[in-house]
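Undergrad: First to last, the sequence lines map onto chains U and D.
Heads up: the first sequence begins at 5 in our numbering, then just goes up one per residue.
Heads up: the second sequence begins at 31 in our numbering, then just goes up one per residue.
We treat Cβ as the ideally placed atom computed from N, Cα and C, and that holds for glycine.
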Amino acid sequence: MNAPIAALNPAHVSYVLRIADGSLILAQRLSECCGHGPALEPDIALTNIALDLLGQARLLLSHAGALEGQGRDEDALAYWRDASQFHNPTLCELPNGDFAQICLRTFFYVAWQAQLWTALSASKDAALAAIAEKSSKETRYHCEHLAGWVVRLGDGTADSHARMQRALNYLLPYTNELCVDDDIDLAAAAAGIGPLPSSLNDAWTAQVQAVLAEATLSLPASTPFRSSGRRGQHSEAMDYVLAEMQSVARAHPGAQW
Amino acid sequence: MYTQAMDIPNTDGPTAVPAINEQAREAEFNERAGRGEIVEAKDWMPEAYRKTLVRQISQHAHSEIVGMLPEGNWVTRAPSLKRKTILLAKIQDEGGHGLYLYAAAETLGTSRDQMLDALHTGKAKYSSIFNYPTLTWADIGVIGWLVDGAAIMNQVPLCRCSYGPYARAMVRICKEESFHQRQGFDLLLALSKGSEAQRAMMQDAVNRWWWPVLMMFGPHDKDSQNSELSMKWGIKRISNDELRQQFVDATMPQGELLGVTFPDPDLRYNEARGHYDFGAIDWSEFWNVVNGHGPCNKERLQARVDAWEEGAWVREAALAHARKQAARVAAAAA
Ligand SMILES: [Fe+2]
Ligand SMILES: [Fe+2]
Numbered sequence: 005m006n007a008p009i010a011a012l013n014p015a016h017v018s019y020v021l022r023i024a025d026g027s028l029i030l031a032q033r034l035s036e037c038c039g040h041g042p043a044l045e046p047d048i049a050l051t052n053i054a055l056d057l058l059g060q061a062r063l064l065l066s067h068a069g070a071l072e073g074q075g076r077d078e079d080a081l082a083y084w085r086d087a088s089q090f091h092n093p094t095l096c097e098l099p100n101g102d103f104a105q106i107c108l109r110t111f112f113y114v115a116w117q118a119q120l121w122t123a124l125s126a127s128k129d130a131a132l133a134a135i136a137e138k139s140s141k142e143t144r145y146h147c148e149h150l151a152g153w154v155v156r157l158g159d160g161t162a163d164s165h166a167r168m169q170r171a172l173n174y175l176l177p178y179t180n181e182l183c184v185d186d187d188i189d190l191a192a193a194a195a196g197i198g199p200l201p202s203s204l205n206d207a208w209t210a211q212v213q214a215v216l217a218e219a220t221l222s223l224p225a226s227t228p229f230r231s232s233g234r235r236g237q238h239s240e241a242m243d244y245v246l247a248e249m250q251s252v253a254r255a256h257p258g259a260q261w
Numbered sequence: 031m032y033t034q035a036m037d038i039p040n041t042d043g044p045t046a047v048p049a050i051n052e053q054a055r056e057a058e059f060n061e062r063a064g065r066g067e068i069v070e071a072k073d074w075m076p077e078a079y080r081k082t083l084v085r086q087i088s089q090h091a092h093s094e095i096v097g098m099l100p101e102g103n104w105v106t107r108a109p110s111l112k113r114k115t116i117l118l119a120k121i122q123d124e125g126g127h128g129l130y131l132y133a134a135a136e137t138l139g140t141s142r143d144q145m146l147d148a149l150h151t152g153k154a155k156y157s158s159i160f161n162y163p164t165l166t167w168a169d170i171g172v173i174g175w176l177v178d179g180a181a182i183m184n185q186v187p188l189c190r191c192s193y194g195p196y197a198r199a200m201v202r203i204c205k206e207e208s209f210h211q212r213q214g215f216d217l218l219l220a221l222s223k224g225s226e227a228q229r230a231m232m233q234d235a236v237n238r239w240w241w242p243v244l245m246m247f248g249p250h251d252k253d254s255q256n257s258e259l260s261m262k263w264g265i266k267r268i269s270n271d272e273l274r275q276q277f278v279d280a281t282m283p284q285g286e287l288l289g290v291t292f293p294d295p296d297l298r299y300n301e302a303r304g305h306y307d308f309g310a311i312d313w314s315e316f317w318n319v320v321n322g323h324g325p326c327n328k329e330r331l332q333a334r335v336d337a338w339e340e341g342a343w344v345r346e347a348a349l350a351h352a353r354k355q356a357a358r359v360a361a362a363a364a
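This is the structure we're talking about:
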């Protein structure tokens, strides 16, 4: 239990950090909405999802820090890395936009997480498999809740439909990045740490398209656009997210809170 | 307190004088409530009791949801992930308190939409405390420690209030409020063991919040408008001044543990009374804030109105979808 954790290979830490950063940055974005929802119930529900994502991020960051073996804990990793050292998909860092965009972005990501957690249950990294197991239950609920909102708003009124369609046109290109493999993924998959993102693509697409169809939305034409947050090259929004999140911690180096 | 505006005159106008047979029922009701019997939603109650309760419970509910704003101001900047989690969960709890309380008030025949409308148009009040700004991270600790702490003082007796749905809501709420109070104290304890800058941040926050927190308990008993009737009805159990004294007495040893001082030169233990004496409260500040002229009144109300107005299309869409679903189900059944 207390034996030091060893990374299975150099890509291992990066592979875990990408998953951790996705949860952390999306939680950060969702927490901006807290107290400003369209009614109390959806406000509380979104905060609940933010809390679950934050919980995942803390477990995953702690695990990544342990694998890395340089004494960095969850806070060192959250507060003292710069934008280029974060590896979340760009999708997670985009500005919130309206409630349609908030719901659809979160739905896209948690639906991807749902596939990821399932595949990670077979990970040779037992701690990672355990985190995936724990997270999969809450993610199932997140998917259901958000799919409900995507359908409600897509099907609701002409105005809500137009807003949801606009959100879809804007966000869908950012999901391209979720299912593209790179060297880190290939190395991690070869070592049995986790799935190739490309292997999650079909199930994710099927799940998402079913919900979009029920929401009476039409799929925009596919695009060669690729965002690159997973490689550490972020959108312009990212540095602002971090500047805000890290401001107090960085004003007091070495402080305990 | 969260319902401190109960102590100021009601602007709804006077309740009509009841007819003779109503007066007899009312006397019987007052006697029952005075004995500590629990009143339920379906029971007969005097119109004035109903109105007073709706005002009190909705003020309380509004305070919970407006209270989410000053703390929400620091969620994105919480300096550790553990503190961020605690703060986010606390704000979510406050939203839940709002929900329970609106539901309790709805049992008296006023809808949540009506109550929200009263808030948004400025007719309904919420606690003056949430009209102060949160300027540093330490404010989050001080709000938990002192604001939730003061709220508990007032709310624990309400767990025994005469109206059943309100009393039951308060039982759930009080459990969570005492968590909030301990978490706030724990945040400050970390600052007290930290750097010079962290301790200064804490002291500054205490200096700014101390007097507004004492004002939360409302005007002195002699100046309080509704207290006597509310006492008779069992919807207020302990007077403003008694609660304020209890709060000061309970807070002093905690302040000592944190190593903070309070911005009141007259604050000292009085052996003869067995209580802490404290200085005169600046009631002109209190009335200014209650009447809309505090540091953040405009911003707080505007934030609530904005959220409500910007959410209108979402609520409409949810209703439209539900109607369409119902129609589809009916069509399938036909
Ligand atoms: Fe509360
Ligand atoms: Fe609270």
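Can D:D123 be considered in contact with ligand 4, in the sense that its beta carbon sits closer than 7 Å to one or more heavy atoms?
TA: Annotation note on ligand 4: not contained in the displayed structure, which lists ligand 1 and ligand 2 as its ligands.
Undergrad: May I ask you to list, following chain order, the residues of the stretch 235-253 of chain U that have a beta carbon less than 8 Å from some beta carbon of chain D?
TA: Of all residues in the stretch 235-253 of chain U, E248, M249, S251, V252 and A253 have a Cβ within less than 8 Å of some Cβ in chain D.
Undergrad: Between U:G75 and chain D, is there a C-beta pair that is closer than 8 Å?
TA: Taking the first residue of the first sequence as position 1, residue 75 of chain U is located at position 71. It does not: the Cβ of U:G75 has no partner Cβ on chain D nearer than 8 Å.
Undergrad: Ignore the nearest five residues each way along the sequence and tell me which others in U:C38's own chain have a CB closer than 8 Å to its CB.
TA: As a first step, residue 38 of chain U must be located in the first sequence, where it is residue number 34. Around U:C38: D47, L50, T51 and A54.
Undergrad: Taking the alpha helix (DSSP H) that U:Y19 falls in, what are its first and last residues?
TA: Taking the first residue of the first sequence as position 1, residue 19 of chain U is located at position 15. Here the alpha helix (DSSP H) through U:Y19 covers A15 to S35.
Undergrad: When every heavy atom of ligand 1 is checked, does at least one fall within less than 7 Å of the C-beta of D:H127?
TA: Along the second sequence, read from residue 1 onward, the residue named residue 127 of chain D stands at position 97. For ligand 1, at least one heavy atom lies less than 7 Å from the Cβ of D:H127.
Undergrad: Per the DSSP calculation, D:R298 is bridged to which residue(s)?
TA: Along the second sequence, read from residue 1 onward, the residue named residue 298 of chain D stands at position 268. Note: D:R298 sits in a beta bridge opposite D:D307.
Undergrad: Where are the alpha helix (DSSP H) runs, 4 residues long or more, that stay fully inside the stretch 194-222 of chain D, in chain order?
TA: Fully enclosed alpha helix (DSSP H) runs of 4 or longer: 194-222.
Undergrad: Could you check whether the Cβ of D:I203 sits closer than 7 Å to any heavy atom belonging to ligand 1?
TA: Start at 1 with the first residue of the second sequence, and residue 203 of chain D comes out as number 173. Indeed, a heavy atom of ligand 1 lies less than 7 Å from the Cβ.
Undergrad: Beta-carbon separation of U:A259 and D:Q228 under 8 Å?
TA: Sequence index remark: in the first sequence, residue 259 of chain U carries index 255 (1-based). Sequence index remark: in the second sequence, residue 228 of chain D carries index 198 (1-based). Contact: yes.
Undergrad: Is the distance from the Cβ of D:W263 to the Cβ of D:A134 below 8 Å?
TA: Numbered from its first residue, the second sequence carries residue 263 of chain D at position 233. Numbered from its first residue, the second sequence carries residue 134 of chain D at position 104. No; because the gap between Cβ atoms is not below 8 Å, this pair is not in contact.
Undergrad: What residues from chain D crowd round U:Q32, counting only those whose CB sits closer than 8 Å?
TA: Here residue 32 of chain U is taken as the residue at index 28 of the first sequence, counted from 1. Neighbours of U:Q32 on chain D, chain order: T106.
Undergrad: May I ask you to report which of helix, strand or coil DSSP gives D:V69?
TA: The residue you call residue 69 of chain D lines up with position 39 of the second sequence. Here D:V69 sits in strand by DSSP.
Undergrad: Going straight from the alpha carbon of U:M5 to that of D:L83, what length do you get?
TA: In the first sequence, counting from the first residue as 1, residue 5 of chain U sits at position 1. In the second sequence, counting from the first residue as 1, residue 83 of chain D sits at position 53. With a pLDDT of only 42 at U:M5, under the threshold of 50, the placement of this residue in the model should not be trusted, and no figure is reported.
Undergrad: Take D:D37 and list the residues in its own chain whose beta-carbon comes closer than 8 Å to its own, dropping the five residues that flank it on each side.
TA: Locating residue 37 of chain D in the second sequence gives position 7, where the first residue counts as 1. Within the same chain, D:D37 has close Cβ partners G248, P249, D253, S254, Q255, N256, S257 and N270.
Undergrad: Applying a beta-carbon distance threshold of less than 8 Å, which residues of chain D neighbour U:N52?
TA: Residue numbering aside, residue 52 of chain U sits at position 48 when the first sequence is read from its first letter. Ordered by position in chain D, the residues that pass the 8 Å Cβ test against U:N52 are Q122.
Undergrad: Can you list the residues of chain D that U:E36 reaches, using a CB-CB cut of under 7 Å?
TA: Against the first sequence, residue 36 of chain U aligns to sequence position 32. Simply T106.
Undergrad: Is it true that the CB of D:A350 sits closer than 8 Å to the CB of U:T220?
TA: Here the question's residue 220 of chain U lines up with position 216 in the first sequence. Here the question's residue 350 of chain D lines up with position 320 in the second sequence. No, the Cβ-Cβ distance between U:T220 and D:A350 is not below 8 Å.
Undergrad: Can you list, in chain order, the residues of the stretch 188-217 of chain D whose Cβ is nearer than 8 Å to any Cβ on chain U?
TA: The stretch 188-217 of chain D vs chain U, Cβ under 8 Å: L217.
Undergrad: In whole angstroms, give me the CA-to-CA distance for U:L21 and D:V177.
TA: Taking the first residue of the first sequence as 1, we reach residue 21 of chain U at position 17. Taking the first residue of the second sequence as 1, we reach residue 177 of chain D at position 147. If I take the Cα positions, the gap works out to 38 Å.
Undergrad: Comparing alpha-carbon positions, which option in U:W261, U:R254 and U:S232 lies nearest U:F90?
TA: Mapped onto the first sequence, residue 90 of chain U falls at position 86. The shortest Cα separation from U:F90 among U:W261, U:R254 and U:S232 belongs to U:S232.
Undergrad: Just to confirm, are D:T164 and D:P242 a CB contact at a threshold of 8 Å?
TA: By 1-based counting over the second sequence, the position of residue 164 of chain D is 134. By 1-based counting over the second sequence, the position of residue 242 of chain D is 212. In this structure, D:P242 does not lie closer than 8 Å to D:T164 by Cβ.
Undergrad: Taking C-beta to C-beta, are D:R274 and D:L244 nearer than 8 Å?
TA: By 1-based counting over the second sequence, the position of residue 274 of chain D is 244. By 1-based counting over the second sequence, the position of residue 244 of chain D is 214. Contact: yes.
Undergrad: Only counting the same chain, and skipping five residues up and downstream in sequence, which positions put a Cβ closer than 6 Å to that of D:S276?
TA: Here residue 276 of chain D is taken as the residue at index 246 of the second sequence, counted from 1. For the sequence presented, residue 276 of chain D should be read as Gln rather than Ser. Cβ within range, chain order: M183.
Undergrad: So that I know if they touch, is there some Cβ in chain D lying closer than 8 Å to that of U:G101?
TA: Along the first sequence, read from residue 1 onward, the residue named residue 101 of chain U stands at position 97. So, not an interface residue.
Undergrad: How would you list, in chain order, the residues of chain U whose beta-carbon sits under 9 Å from the beta-carbon of D:T115?
TA: As a first step, residue 115 of chain D is located in the second sequence; it is residue number 85 there, counting from the start. Correct list: L55, L58, G59 and R62.
Undergrad: Could you please give me the residues that DSSP links to U:Q237 through a beta bridge?
TA: Taking the first residue of the first sequence as 1, we reach residue 237 of chain U at position 233. According to DSSP, which records beta bridges pairwise, U:Q237 is partnered with U:S232.
Undergrad: For the alpha helix (DSSP H) that D:Q255 lies in, which residues bound it at each end?
TA: Your numbering for residue 255 of chain D matches position 225 in the second sequence. From DSSP, D:Q255 is part of no alpha helix (DSSP H); its letter is neither H nor E.
Undergrad: Could you tell me whether the Cβ of D:R345 comes closer than 8 Å to any Cβ of chain U?
TA: Your numbering for residue 345 of chain D matches position 315 in the second sequence. So, interface residue.
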